[in-house]
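Contents: one structure, followed by commentary.
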Amino acid sequence: MIATLSSFMASSLIGACILTFFLPKNAKPSVGHFVLYLALAFGLGVAVSSLILFVFLHFSPIKFFPLFEVACALLFAIVVMLKFPVKILWLPSRPQNITIPETILSVIIVAAFAIVLLVYLIYFPLEPHGKWDAWASWNSAARFIYGSMGIVDSYQTFWKTLGAQSSYPWLYPLSVAKAWAYGGQVEQAAPLVFNALFGLAISGVVFGFLCTVKGRLTGLFAVLFLLGCPFFSLHILAQYADIALAYYFVAALVTLCLATDKEHGKFLALLGAFATIAAWTKDEGLLFLLVIFLVFCIYVGRDYASEKRLKDSGTKVLLFLGGALPGLLLLFYHKVFFIERASSFLSEQSRALIDFILDLDRYATVVTAFIKEAFLFSVANVTFMSSGIVLLIIYALVVGREKVVSWRSPLALPAVVTLLMLGGYFAVFIITPAPLQWHLDTLLNRLYLQLFPLMIVAFLAMLKAPDAIFREKVFLDLPPKTMPLNKNKRKTRR
Amino acid sequence: MNTSLLFKRIGLFVIALVCFFAVLVLLQKTISSSARYQRLDFVSTFEERAKVLLPFLANETSIGYFFAVSYEAAKGRNFAPPPGYADGEAAENSARGSLMNYAMRPHGAIMNLEEMTDILIVDFIQNQGKPLSQLHIRSTTYSLVQDFGNGLSIYRRQR
Numbered sequence: 049m050i051a052t053l054s055s056f057m058a059s060s061l062i063g064a065c066i067l068t069f070f071l072p073k074n075a076k077p078s079v080g081h082f083v084l085y086l087a088l089a090f091g092l093g094v095a096v097s098s099l100i101l102f103v104f105l106h107f108s109p110i111k112f113f114p115l116f117e118v119a120c121a122l123l124f125a126i127v128v129m130l131k132f133p134v135k136i137l138w139l140p141s142r143p144q145n146i147t148i149p150e151t152i153l154s155v156i157i158v159a160a161f162a163i164v165l166l167v168y169l170i171y172f173p174l175e176p177h178g179k180w181d182a183w184a185s186w187n188s189a190a191r192f193i194y195g196s197m198g199i200v201d202s203y204q205t206f207w208k209t210l211g212a213q214s215s216y217p218w219l220y221p222l223s224v225a226k227a228w229a230y231g232g233q234v235e236q237a238a239p240l241v242f243n244a245l246f247g248l249a250i251s252g253v254v255f256g257f258l259c260t261v262k263g264r265l266t267g268l269f270a271v272l273f274l275l276g277c278p279f280f281s282l283h284i285l286a287q288y289a290d291i292a293l294a295y296y297f298v299a300a301l302v303t304l305c306l307a308t309d310k311e312h313g314k315f316l317a318l319l320g321a322f323a324t325i326a327a328w329t330k331d332e333g334l335l336f337l338l339v340i341f342l343v344f345c346i347y348v349g350r351d352y353a354s355e356k357r358l359k360d361s362g363t364k365v366l367l368f369l370g371g372a373l374p375g376l377l378l379l380f381y382h383k384v385f386f387i388e389r390a391s392s393f394l395s396e397q398s399r400a401l402i403d404f405i406l407d408l409d410r411y412a413t414v415v416t417a418f419i420k421e422a423f424l425f426s427v428a429n430v431t432f433m434s435s436g437i438v439l440l441i442i443y444a445l446v447v448g449r450e451k452v453v454s455w456r457s458p459l460a461l462p463a464v465v466t467l468l469m470l471g472g473y474f475a476v477f478i479i480t481p482a483p484l485q486w487h488l489d490t491l492l493n494r495l496y497l498q499l500f501p502l503m504i505v506a507f508l509a510m511l512k513a514p515d516a517i518f519r520e521k522v523f524l525d526l527p528p529k530t531m532p533l534n535k536n537k538r539k540t541r542r
Numbered sequence: 004m005n006t007s008l009l010f011k012r013i014g015l016f017v018i019a020l021v022c023f024f025a026v027l028v029l030l031q032k033t034i035s036s037s038a039r040y041q042r043l044d045f046v047s048t049f050e051e052r053a054k055v056l057l058p059f060l061a062n063e064t065s066i067g068y069f070f071a072v073s074y075e076a077a078k079g080r081n082f083a084p085p086p087g088y089a090d091g092e093a094a095e096n097s098a099r100g101s102l103m104n105y106a107m108r109p110h111g112a113i114m115n116l117e118e119m120t121d122i123l124i125v126d127f128i129q130n131q132g133k134p135l136s137q138l139h140i141r142s143t144t145y146s147l148v149q150d151f152g153n154g155l156s157i158y159r160r161q162r
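This is the structure in structure tokens:
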């Protein structure tokens, strides 16, 4: 366990060092910013580390990687300390004016975290290898990478034995195999720790972002919505890659929103990196990359149309591409040169594709499944009260919509991205060559899970902050007896 | 008194409690199900099967794995792995190759589902009440090295 945690700490340190280059200058972060930066540093570090490991395995066995990574992390840390001596000592400013509702919610959240941890301790020994896809694909791939002499060797053996499953992206297997390399053995808890840390990081990103833009209470509610989704907690135990993918979705989205203000303008590079890494985590990430690219183009185009400043727009494009390029190159290399038999059903089944598109029954089936699953995915046979979407809708009805947020506002971006992703998934189901009902039954709940943190951010960013509800007085002050209301009115008329 | 504000506060408090309640129910269900939980045991079953095979696989580089889940699925085969190993009942168990590999991998053994190999692990799960002896197909290509019982045997290709 210590070895596994050390491996993620080393990569997080690398992530933190890289992130320091993109942070605003000379500003002491608030608690929200601090949590957000920590969570982003973790995901960035894991991503960078997996990409470096992918290249490293072409030259050396995995057992030498821990030494290499720790050396890199320390080197990075020294460079950052020399370049940004102030930033490295950044600690959040002490939170001011903590209200009673915030204290109550914090206590509930801490208790909920403790209970979820207890659930993991009970459940993990029962299914230490995770659910079906975990041992059949993700953890199996990690075992192949860990036991092989190099990337080509591991790919060849992996391909021979697992066939098409070996075409899955490698962020998860590489990260888990790296954790095993730190300990020198296959530690069963490593995939669970990987997933749990990503689950925690999702909470950090969602809390940090909403805390920054909408206030602490909104951030706390967001974490509560995540914890109140049993499917989210249980899926961490399943040891699939969906939790990590959900993290990269929400991290990219948050960096996109933050990049719209000048202070965080450099975050466009992180946006490119996170969006690409989503595609390096799971194939659904390719769709996300496309959506983010589309939204980014609209955002840059709109800014250029309003300000006519070519230099600014060019800088934005360069930042985005600069962040995306390293991941894109390796992704391209992996897809083209490694996956020699990657499925290309578009070319093989173009005739069937047209039939699928024209088949109205498929649309009816997919729409029905989408609506049903939207309300049920988070329940996970635990309790119907925990329907995430229902709770978000009730929350929206209680707090009301923020009037200043229009569809052109940066705070509307999460909703736009979420809707585009849902549209993309819808289209994928329409053209899927797999049996439709089977595909919907086995995949749709996980797709909703991937988008759930985005939905939380999208909802809460467009709604009013609940702080005002607690700030106003329920019992209004009575007017002084000496000034009768009607007399006052008469006076004002005059 | 601002009633709507009061209701909003109560509403938010109820939402927070419902979320916490969901976590409590999750714990309660985990505790109750863990007591009567029958481990699916996919992996440990295969780990047990892998253990008996390992002494026969030392220094072998060409190892194949052939499995079937019923007499019907196995009948008439000459150990040539079915294309895509996804026919009939076998399709339901298509991850068995992955499972055996998952179990074998930490020990350094690599199995192949696609080619004719020097060593062949034949792994039948008893099904439909058929005696296992009936499932052992006569082969002109392979000779039996060891029968471990429970449908598990190992063969070597004849030179």
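Same order as they appear, the protein sequences are chains A and B.
Letter by letter, the first sequence follows residues 49 to 542 of my numbering.
Letter by letter, the second sequence follows residues 4 to 162 of my numbering.
Quick reminder that beta carbons are idealized off the backbone N, C-alpha and C, glycines included.
Counting along the chain, the unbroken beta strand (DSSP E) around Ser156(B) starts and ends at Leu155 to Arg160.
Note that the segment 507-518 of chain A touches the segment 438-453 of chain A; at least 3 beta-carbon pairs, one per stretch, sit closer than 8 angstroms. Inter-residue distance for Leu318(A) and Gly448(A) is about 32 angstroms (C-alpha atoms, whole angstroms).
Using a Cβ-Cβ cut-off of 8 angstroms, Ile124(B) does not count as an interface residue toward chain A, since no Cβ of chain A sits closer than that to its own. Collapsing the DSSP output to three states places Tyr288(A) in coil. Scanning its chain for C-beta atoms nearer than 6 angstroms, with the 5 sequence neighbours on each side dropped, one finds around Leu268(A) the residues Leu153, in chain order. Phe297(A) does not reach chain B, its nearest Cβ partner there being about 22 angstroms away, counting only Cβ pairs nearer than 9 angstroms. The C-alpha of Phe280(A) lies about 29 angstroms from the C-alpha of Lys383(A). Cβ contact annotation for Pro501(A) (same chain, cutoff 6 angstroms, sequence separation greater than five): Ile250, Val254, Ala294 and Val298, in chain order. For Tyr145(B), there is no enclosing alpha helix (DSSP H); the residue is part of the beta strand (DSSP E) that begins and ends at Tyr145 to Gly152. Leu20(B) sits away from Ile517(A), with the two beta carbons spaced by 8 angstroms or more. According to the DSSP assignment, Met129(A) belongs to the alpha helix (DSSP H) that extends over Phe113 to Lys131. For Leu153(A), a Cβ of chain B is located within less than 8 angstroms of the residue's own Cβ. Assigned with DSSP and collapsed to three states, Phe69(B) falls in strand.
The contact set of Thr33(B) on chain A, defined by CB atoms closer than 7 angstroms, consists of Val167, Ile170 and Tyr171 in chain order.
For the segment 430-445 of chain A, the residues whose beta carbon sits under 7 angstroms from a beta carbon of chain B are, in order, Val430, Thr431, Met433, Ser434, Leu439, Ile442 and Tyr443. With a 10 Å radius around the Cβ and a threshold of 16 neighbouring Cβ atoms, Ala53(B) comes out buried. In the displayed model, Ile146(A) falls within coil according to three-state DSSP, outside both helix and strand. Comparing alpha carbon positions, the residue from Tyr158(B), Ser37(B) and Ile34(B) closest to Ile124(B) is Tyr158(B). Secondary structure note for Ser54(A): its alpha helix (DSSP H) is the uninterrupted segment Ile50 to Thr68. Distance from the Cα of Gln236(A) is smallest, within the candidate group Glu450(A), Pro483(A), Met49(A) and Leu495(A), for Met49(A).
One thing to note: Trp183(A) has its Cβ within 8 angstroms of the Cβ of Tyr105(B).
Chain B has no Cβ within less than 8 angstroms of the Cβ of Ala289(A). Following the DSSP letters along the chain, one finds His106(A) in no alpha helix (DSSP H), marked with neither H nor E. At a cut-off of 8 angstroms between beta-carbon atoms, Trp183(A) makes contact with chain B. Annotated as proximal: Val505(A) and Leu301(A), with beta-carbon spacing under 8 angstroms. By the C-beta density criterion, Leu265(A) is buried, having at least 16 other C-beta atoms within 10 angstroms. Per DSSP, reduced to three states, the secondary structure at Val505(A) is helical. Within the same chain, Val148, Gln149 and Ile157 come within 7 angstroms of Phe59(B) by CB-CB distance, once the 5 residues on both sides are set aside.
Residue nearest to Leu337(A) within the set Thr363(A), Leu258(A) and Leu376(A) is Leu376(A) (criterion: CA-CA distance).
Excluding its 5 nearest sequence neighbours in each direction, Leu155(B) has C-beta neighbours in its own chain below 6 angstroms: Arg52 and Asp126, listed in chain order. By a beta-carbon distance limit of 8 angstroms, Val414(A) does not contact Leu29(B). Their separation comes to about 30 angstroms.
At the C-beta level, Ala190(A) and Val224(A) come within 8 angstroms of one another. A Cβ-Cβ contact shorter than 8 angstroms links Ala307(A) with Phe315(A). Between the beta-carbon of Ala95(A) and that of Leu67(A) there is about 12 angstroms, and that puts the pair past the 8 angstroms contact cut. Pro374(A) has a beta carbon lying at 8 angstroms or more from every beta carbon in chain B.
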